[in-house]
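Step one of this worksheet: look at the structure below.
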Amino acid sequence: YTDNILEDYVYYAIDQIKSKYGGLAKLGPTDNDKIMDLAEDVNGYALSSYEKYPAVMETHFGGSQRSTVAAAATGIAGSMATGIADVGLNCWYYSMLDHKERSGRLGFYGFDLQDQCGSANSYAYRSDEGLPAEARGPNYPNYAM
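The opening position of the sequence shown corresponds to residue 3 in the numbering used here, with each subsequent residue numbered one higher.
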């Protein structure tokens, strides 16, 4: 459903990673400031593209996929910059929160709730929900993507 739009955002992320951060998988997982700068940059590019080209928003069902596509690009950027999947997951969540801060909402009706509940589980370790970081337990949010 995303046509080449997600690809454009990911290629933008790759260009930023190569030009600003030394290449793929060069950032460490503790380079939080750089990772957040990258996430804000990629998310900002994605959301600005939706504002610049309104037809893109219509392609994505009036914008209901906008937050997920921007978050996917941001998450991919975090993973590619560090080589660590969990960093990408946190960038995904950060994108959702950044998007809501920017536009006031993520979707329509109450559907944006699921997109905001992941970051609380991301940095928490609860042994009854499985192994930390990689293996997620039965109470982990299921996204409708």
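Virtual Cβ for every residue (Gly too), placed ideally from N, Cα, C.
Source: prediction; values computed, not measured.
When DSSP labels each residue in this structure, what does residue i get in the three-state scheme?
| i | result |
| --- | --- |
| D17 | helix |
| H101 | helix |
| I78 | helix |
| P31 | coil |
| I37 | helix |
| N6 | coil |
| F90 | The amino acid occupying residue 90 in the given sequence is Gly; Phe does not appear at that position. Note: G90 maps to helix in three-state DSSP. |
| L49 | helix |
| Y55 | coil |
| Y23 | coil |
Using a Cβ-Cβ cutoff of less than 8 Å, which residues in the same chain neighbour residue i once the five nearest sequence positions on both sides are dropped?
| i | result |
| --- | --- |
| Q18 | L40, D43, V44, A79 |
| W94 | A73, A74, T76, G77, G80, G120 |
| I7 | S51, V58, T61, H62, V71 |
| L26 | I16, I19, K20, M82, A83, G85 |
Residues in the same chain with beta-carbon distance under 6 Å from residue i, minus the five sequence neighbours each way, listed in chain order, please.
| i | result |
| --- | --- |
| K28 | none |
| P31 | T84, I86, V89 |
Have a look at residue i and residue j and give me their C-alpha separation to the nearest angstrom.
| i | j | result |
| --- | --- | --- |
| D5 | T61 | 9 Å |
| K54 | M38 | 23 Å |
| K102 | S50 | 14 Å |
| I86 | D100 | 21 Å |
| E97 | A57 | Reading the sequence as shown, one finds Ser at residue 97 and not Glu. When rounded, the distance between both Cα atoms is 22 Å. |
| K36 | V71 | 22 Å |
| E9 | I16 | 10 Å |
Am I right that residue i and residue j are in contact with their C-beta atoms under 8 Å? What's the rounded C-beta distance?
| i | j | result |
| --- | --- | --- |
| Y23 | A74 | The pair is not a contact, with the Cβ atoms about 20 Å apart (cut-off 8 Å). |
Buried or exposed, going by whether 16 or more other CB atoms sit within 10 Å of the CB of residue i?
| i | result |
| --- | --- |
| N92 | buried |
| S21 | exposed |
| G90 | buried |
So, for residue i: in the same chain, excluding its five sequence neighbours on each side, which residues have a beta-carbon less than 7 Å away from its beta-carbon?
| i | result |
| --- | --- |
| Y47 | Y11, Y14 |
| R104 | L49 |
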